[in-house]
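Undergrad: Below is one structure. I have some questions about it.
Numbering (our numbering), first residue to last: 77 to 1089.
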């Protein structure tokens, strides 16, 4: 909203946000503004405004006169702050002032507080009587009276709060003038009487009471109220409860002054500030070094109490020391008198009974039981005391609010802007710059700072310890030595407590408080590199949920429930500390590998059915554990179980690396087709006999289909047909084989087979609930629509496929669907959209390292560039693909199409002879693979490049006949090429001669037409 401030606690005042006064001209305009402010954010009718402003003396045209005043008000506001005229809205039946920035709003907010500072601030907002310059107007009287009463209430509450702080003399002096102005106000008199008595002025207190009693009788015929009568009696009886508290009992703040800025905790401070106003016990919990103490101190600094804030550091007490009450008494300066027999707890309760203060109990974990017992007693018997505790485990009391202090957010990328946004990086850079003056965060240091912050889990203490090493090692040197973090992360700073001078000491402090069983479980949890589920923890660590819950309570294990299932995690530094103390590592890692091997074998069939997405998410969450299990006993058995998962996720290199480990003979036989399939998927050439041998053990299984399917892009379609399972082991394999047959039918232009196989495959996969399978089958249903010229339907199918692929996070398939959509956009002449989609597909394919997806995406980029007239760019893309497609002994399946597009680009660039050679090469590659549909494009390309117009016309006729025979109409973009050639030939030959030659060509087979050259 436009920044204009309004003041009514005194004469009417309007200022800009920068404090410049706004002149509101004219008495009536100011009265109008006052009327709207009294009723701010409410519609005031025009009739009421006219009556308020003019009463019985209204002008001849009152509505017009009011409109003039409204316009003048709007202009005054808008002249001061452009746009401020919008604050005054016309709303039937009148006008509304839309505003929040009124001083009375701030006053109301501060008036609800109980501390001296805020109540003082509330009264400081007053500049005189409310609405002083329009106070005689009837429409402000009720509001002005309300505000005046509220102002007096605040005066009374402020005086009460100051009395609690022991300011009796000052309060008595300050109230004298107020009592003189409001002599009949009993609440004000009561505070004055108490102040005078506590200041040692008993006779003046009694005189003030007598004055009130006389005035009430003379002016109102009343006696003082019962509360004031009772107070008078207590003064006469010299009640000790009315005496001033001894100076020693007036507790002041003992918080240390800040030495540097608290980084990254603004939201936490705001939340804790609000909680401290309504919660009496808040415990900040979290691992060592996360910054609980500093956060507690800064939160307490902002949370004033009448009797102050007291920081009690419990570290000096030995573990289990029960003398916590004695320690607090000493910190509070309350000492035992000679001969006293009262217990320390009772003395503490007595000392604090009438106090209103905040106790900050720091580092409670090593004396957790006696602290909990004492805090429970204080909360029960001392209502004015609140407690803010820091601990690595909860106190476990009724009414306790646990506030987990998280590590600072770490950079989610190595990009300089992303690192700058990270609170962890800000803290590290600030502390490193303090150690080395020239250190700064820039493009050269951003990646190292991001890595350091992540490796240290965003723990403030660890980051600060690391910063002290930058001067000697540089930030990259610090990162390089993090594997030896416990020797690296130490400090010689003399004002740091010993338990915070090394990372080892920080974690060791918590470790030492555990019993032997808890230490064993914690050490075993360290074998999970990225956390684990409760079930995994129970089985691998041979423990129970109660033991795990105790470790969570001690802030050594983090419970992460942000994902699909809860997980236990260790911070990296805690894990490293525990691994060094794991005495039976090989046996524990063996159990870990066995658990995750079993899990992967359960997941494998689930990845081919209705629970596919659930298993994908579960394996994604366990990826780090699965990788660890592979190297610690899972071996080839686990690699085989994960093969289909790796394929779905596009992790081909990782799959090949894992499958390369040796196994027993049975495992070797099962791994062979997977090894071949992944190698073929990455573009490697494998001898046909080697492929046959790999699938021979189980020729009708999943892996055999996988290996045969991977051969398709290599162009050896006869070998593919030979190796595809003919007696599928199950329905899933049958459906998968049908997708391969659909792919081959698409390459051959065999529309009936393509329709039958793709449709049947889609139905089978739908029955199984396999969304990847439906996606794969739908790809070829879309391909069929494209062949038939049904481009809108094809695009709709591929858009649906893209949505499915994104939902499943199947990124190679996302690339394929984007490339299909790019292809279709180019075919329908939307070249800009085609290029945009192809660029998205290409970027994702590079990121995923998927060779087949990369080829399809670059092909789409080449096509879009060529059709859009960017010939140099097209030649670059298409030449690279052509060279890649020629590498195999058998040409790649995509080669004919690429050569045709490259031929057109070269021909349009002015070299028809080179273009003709490319088109001939494309035709021969298509013939060699027996993909007759792919011979059409080369014939059309030859017609565009050949120098003889007669031959060109016959080639066009043969191509048109082939399209008709294969039911493959030209797409709009393809028609652009043939129309260009046709127009040229008709101009050279004449329409009649062209038509005759075209008809001759239509009677030729593709091979006969090729022989015309």
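Note that CB positions come from ideal geometry on N, CA and C, so glycine has one too.
What does residue 608 pair with, by DSSP beta-bridge criteria?
TA: For the purposes of this step, residue 608 is taken as the residue at position 532 of the chain shown. DSSP, once it has assigned bridges, lists 644 as partnering residue 608.
Undergrad: Give the secondary structure of residue 827 by DSSP, where H, G and I count as helix, E and B as strand, and everything else as coil.
TA: Reading the chain shown from its first residue, position 751 is the one you call residue 827. Helix, per DSSP.
Undergrad: Roughly how far, in whole angstroms, is the beta-carbon of residue 120 from the beta-carbon of residue 170, given that I think they are within contact range, below 8 Å?
TA: Stepping through the chain shown from its first residue, residue 120 is reached at position 44. Stepping through the chain shown from its first residue, residue 170 is reached at position 94. Confirmed, Cβ separation roughly 5 Å.
Undergrad: By the three-class DSSP mapping on this structure, what secondary structure does residue 388 have?
TA: Here residue 388 refers to the residue found at position 312 when the chain shown is read from its first residue. Residue state, collapsed to three classes: strand.
Undergrad: State the start and end residues of the unbroken beta strand (DSSP E) segment that holds residue 479.
TA: Working through the chain shown from its first residue, we reach residue 479 at position 403. Note, residue 479: beta strand (DSSP E), 477-480.
Undergrad: Verify whether the separation of the beta carbon atoms of residue 740 and residue 717 is less than 8 Å.
TA: In the chain shown, the residue the question calls residue 740 occupies position 664. In the chain shown, the residue the question calls residue 717 occupies position 641. No, Cβ-Cβ distance for residue 740 and residue 717 is not below 8 Å.
Undergrad: Going by the C-beta, is residue 82 closer than 7 Å to any heavy atom of the ligand ZN?
TA: Only the bare structure without any ligand can be found here, which leaves the ligand ZN out of the picture.
Undergrad: Going by Cα to Cα distance, which pick from 423, 623, 795 and 629 is closest to residue 765?
TA: For the purposes of this step, residue 765 is taken as residue 689 along the chain shown, with counting starting at 1. It is 795.
Undergrad: What three-state label does DSSP hand residue 524 in the structure shown?
TA: Locating residue 524 in the chain shown gives position 448, counting from the first residue. Looking at residue 524 - three-state DSSP - the assignment turns out to be helix.
Undergrad: I need the DSSP call for residue 1067, collapsed to helix, strand or coil.
TA: Working through the chain shown from its first residue, we reach residue 1067 at position 991. If DSSP states are grouped into helix, strand and coil, residue 1067 belongs with the helices.
Undergrad: Quick one: what's residue 358 bridged to in DSSP?
TA: Walking along the chain shown from the start, residue 358 turns up at place 282. Residue 358 is bridged to 464 and 477.
Undergrad: Quick one, are the C-beta atoms of residue 701 and residue 608 less than 8 Å apart?
TA: Locating residue 701 in the chain shown gives position 625, where the first residue counts as 1. Locating residue 608 in the chain shown gives position 532, where the first residue counts as 1. Against a cut-off of 8 Å, the Cβ pair of residue 608 and residue 701 comes out as a contact.
Undergrad: List the DSSP bridge partners of residue 170.
TA: Start at 1 with the first residue of the chain shown, and residue 170 comes out as number 94. In DSSP, residue 170 forms a bridge with 121 and 167.
Undergrad: Between which two residues does the beta strand (DSSP E) holding residue 634 run?
TA: As a working mapping, residue 634 is identified with position 558 in the chain shown. 634-636 is the span of the beta strand (DSSP E), which, as asked, contains residue 634.
Undergrad: Could you tell me which residues DSSP puts in a beta bridge with residue 81?
TA: Looking up residue 81 in the chain shown gives position 5. For residue 81, which the question treats as bridged, DSSP gives the partners 91.
Undergrad: If you draw a straight line from the C-alpha of residue 647 to the C-alpha of residue 930, how long is it?
TA: Counting from 1 along the chain shown, the entry for residue 647 is found at position 571. Counting from 1 along the chain shown, the entry for residue 930 is found at position 854. Taking the straight line from one Cα to the other gives about 38 Å.
Undergrad: Any idea what DSSP makes of residue 622, helix, strand or coil?
TA: Your numbering for residue 622 matches position 546 in the chain shown. Helix at residue 622.
Undergrad: I'd like the list of long-range same chain contacts for residue 129, defined as Cβ closer than 8 Å, with 5 residues on each side in sequence excluded.
TA: Indexing the chain shown from 1 puts residue 129 at position 53. 104, 107, 108, 111, 142 and 145.
Undergrad: What span of residues does the beta strand (DSSP E) with residue 434 cover, start to end?
TA: Residue mapping note: residue 434 aligns to position 358 of the chain shown, counting from 1. Run containing residue 434: 433-438, per the beta strand (DSSP E) assignment.
Undergrad: Residues in the same chain with beta-carbon distance under 7 Å from residue 92, minus the five sequence neighbours each way, listed in chain order, please.
TA: One-based indexing of the chain shown puts residue 92 at position 16. Excluding positions up to five away in sequence, the list reads 79, 80, 98, 156 and 157.
Undergrad: For residue 325 and residue 153, I'd like the C-alpha separation in whole angstroms.
TA: The residue labelled residue 325 in the question sits at position 249 within the chain shown. The residue labelled residue 153 in the question sits at position 77 within the chain shown. Its pLDDT being 41, under 50, residue 325 is placed unreliably in this model, and the coordinates cannot settle the point.
Undergrad: Where in the segment 536-570 do unbroken runs of the alpha helix (DSSP H), each at least 4 residues long, occur, reported from the N-terminal end onward?
TA: Runs found: 536-543, 546-556 and 561-564.
Undergrad: Would you report the Cα separation of residue 977 and residue 758, rounded to the nearest angstrom?
TA: Taking the first residue of the chain shown as 1, we reach residue 977 at position 901. Taking the first residue of the chain shown as 1, we reach residue 758 at position 682. The straight-line gap from Cα to Cα measures roughly 24 Å.
Undergrad: Identify, in the order they occur along the chain, each residue of the same chain with its Cβ nearer than 6 Å to the Cβ of residue 669, setting aside the five sequence neighbours on each side.
TA: Walking along the chain shown from the start, residue 669 turns up at place 593. Result list for residue 669: 705, 708, 709 and 710, in chain order.
Undergrad: Just list the alpha helix (DSSP H) runs in the segment 993-1039, keeping only unbroken ones of 4 residues or longer that don't cross its boundaries, in chain order.
TA: Correct list: 1012-1021.
Undergrad: I need the straight-line Cα distance from residue 244 to residue 274, nearest angstrom please.
TA: In the chain shown, the residue the question calls residue 244 occupies position 168. In the chain shown, the residue the question calls residue 274 occupies position 198. Rounded to the nearest angstrom, the two C-alpha atoms are 6 Å apart.
Undergrad: According to DSSP, simplified to helix, strand and coil, what is residue 178?
TA: As a first step, residue 178 is located in the chain shown; it is residue number 102 there, counting from the start. Three-state DSSP puts residue 178 in a strand.
Undergrad: Measuring CB to CB, does residue 451 end up less than 8 Å from residue 473?
TA: Walking along the chain shown from the start, residue 451 turns up at place 375. Walking along the chain shown from the start, residue 473 turns up at place 397. Cβ distance < 8 Å, so residue 451 and residue 473 count as in contact.
Undergrad: Beta carbon of residue 844, beta carbon of residue 833: below 8 Å?
TA: By one-based count along the chain shown, residue 844 stands at place 768. By one-based count along the chain shown, residue 833 stands at place 757. Not in contact: residue 844 and residue 833 (Cβ atoms no closer than 8 Å).
Undergrad: Apart from the five residues on each side of it in sequence, which residues of its chain come closer than 7 Å, Cβ to Cβ, to residue 126?
TA: As a position in the chain shown, residue 126 is number 50, starting the count at 1. Taken in chain order, the residues that qualify are 134, 138 and 142.
Undergrad: With DSSP as the reference, label residue 888 as helix, strand or coil.
TA: Your numbering for residue 888 matches position 812 in the chain shown. Note: residue 888 maps to helix in three-state DSSP.
Undergrad: Suppose the cutoff is 6 Å on Cβ atoms and the five residues either side in sequence are ignored; what does the same chain contact list for residue 74 look like?
TA: Residue 74 is absent from the structure shown; the chain starts at 77 and stops at 1089.
Undergrad: Tell whether a beta-carbon distance below 8 Å holds between residue 1066 and residue 1031.
TA: Reading the chain shown from its first residue, position 990 is the one you call residue 1066. Reading the chain shown from its first residue, position 955 is the one you call residue 1031. Contact: no.
Undergrad: Relative to the alpha-carbon of residue 190, which residue among 202, 232, 615 and 1041 has its alpha-carbon at the smallest distance?
TA: Here residue 190 refers to the residue found at position 114 of the chain shown. Cα-wise, what sits closest to residue 190 is 232.
Undergrad: When you compare the CB positions of residue 262 and residue 312, do they come within less than 8 Å of one another, or not?
TA: In the chain shown, the residue the question calls residue 262 occupies position 186. In the chain shown, the residue the question calls residue 312 occupies position 236. No; because the gap between Cβ atoms is not below 8 Å, this pair is not in contact.
Undergrad: Could you tell me how far apart the beta carbons of residue 1053 and residue 1020 are, in whole angstroms, since I believe they sit closer than 8 Å?
TA: Walking along the chain shown from the start, residue 1053 turns up at place 977. Walking along the chain shown from the start, residue 1020 turns up at place 944. Residue 1053 to residue 1020, Cβ: 7 Å. Contact.
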